[in-house]
Amino acid sequence: MKKLSVGLFILVAFMLYLLKQNAPQSENSVIRREPSNEIKKSAQPGNKPLNKLANQSNTLPPLTVKKDCAEYLFLQYPPSSNYLEEIRQKLDPIVGSWYYEKSAAVDLAAINETSTSGKFFLALAHAQAIEGNLRFQNSDPRKAFDLFQEVIFEDPSNSAPLVFAAAAYTRLGYKKEAAALVKKINQTTHFDSYLKNLIIGLYKEVRTPNDYVAAANTWGGAPIPSYRMIKELKINSGTSNILGNQLVSDGVKSGNEMNESEWIPIEYAYGKKILKDIGKGQQYPFAMTLIQLKINHFGAPAEILDEHECDPKQFENQVSRINMYFNNR
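Positions in the sequence shown are counted from 1; adding 56 to them yields our numbering.
Here it is in structure tokens:
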């Protein structure tokens, strides 16, 4: 399967425009999916490109755009009005539309989720552990912990529900319960926030540029877990080593080219920070540097387009490639 390096296109082409329009003011905003201090640092002296990221074959050069070009393309291709309606049934097994469709307020008492990932997102909402524009009514910490326990039972090798449940307990002062959950992280094998499933679901059915704009607009406005809660956990160096390596693992895999659908930069950034705090992780570049390595490591520098060079045909071709990429997943 050909790996397409379209991560920067997805991250920049419309997110820059949406940042201007909709970005909240929180540290981990819906558009800025990274902790401000960690990701914004440039590559440090001595940081070398990962060997595993070098010389990838069959990789298409990326389309990188400036904000003016992104705005121009956004206006040229208004979002499809029926795209979300068409894919909603396929997204329901991941999470209900309450999570990703723009709404002034969401009544959590009226929502029921049956999938593991849906329960996880609903637990985050009840625990007030979500960053974004959504506002929730009738959140219930007890319901959050019940849902977290269901997710932990259904996905026992995943550390994500343990991390956020422990952080929620910590905020409420239940230190004993939090410590018991933190201890269980040592028996897990990976960290999965289920965001990648949602992103793939949003883009998988893209057929036209207008579909792409609708998907990008939806993802740009969707909430994300409150990753800053990770910093509130009391964990020893052994558990920190396990959790930190789980968080960076997707990013350092050479085959994972497309950020956000194959690796989540903000998770990678927190993983590196956790490892750095225990004197490890120096071999890993900063998250923003890693994005650039994955985009440019195959040799062709990214073409920078301004509004005078912005070519809708290139955009249309890129959308076709995105469609091919997700159809091969």
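Heads up, the beta-carbon is just placed ideally off N, CA and C, and yes, glycines get one too.
query, result
"Buried versus exposed, by CB contacts within 10 Å (16 or more), M285", "buried"
"Three-way DSSP call (helix, strand, coil) for F247 in this model", "coil"
"Straight-line Cα distance separating K231 from Y155", "30 Å"
"C-beta atoms of S153 and D267 nearer than 8 Å", "no"
"Test item: CB-CB of L218 and I320 under 8 Å", "no"
"Cβ shell of I143 (< 6 Å), same chain only, five flanking positions each side left out", "E261"
"For L299 and I330, believed in contact at Cβ under 8 Å, the rounded distance", "6 Å"
"Nearest to E313 (by Cα), restricted to the options P281, I347 and S305", "I347"
"Rounded separation between I167 and V151 - CA only", "11 Å"
"Alpha helix (DSSP H) runs wholly inside the region 250-307, at least 4 long, in chain order", "251-259 and 265-277"
"Range covered by the alpha helix (DSSP H) that runs through G174", "T172 to H182"
"Distance, Q339 Cα to L164 Cα", "43 Å"
"Chain-order list of residues whose beta-carbon lies under 6 Å from that of T264 (same chain, five-residue window excluded)", "none"
"Limits of the unbroken alpha helix (DSSP H) element including P368", "P368 to N383"
"Best match in A224, L303 and A272 for proximity to K199 [C-alpha to C-alpha]", "A224"
"Expected contact under 8 Å - CB spacing of Y259 and I378 to nearest Å", "7 Å"
"Among Y326, Y128, A236 and A270, the one whose alpha carbon lies nearest that of S305", "Y326"
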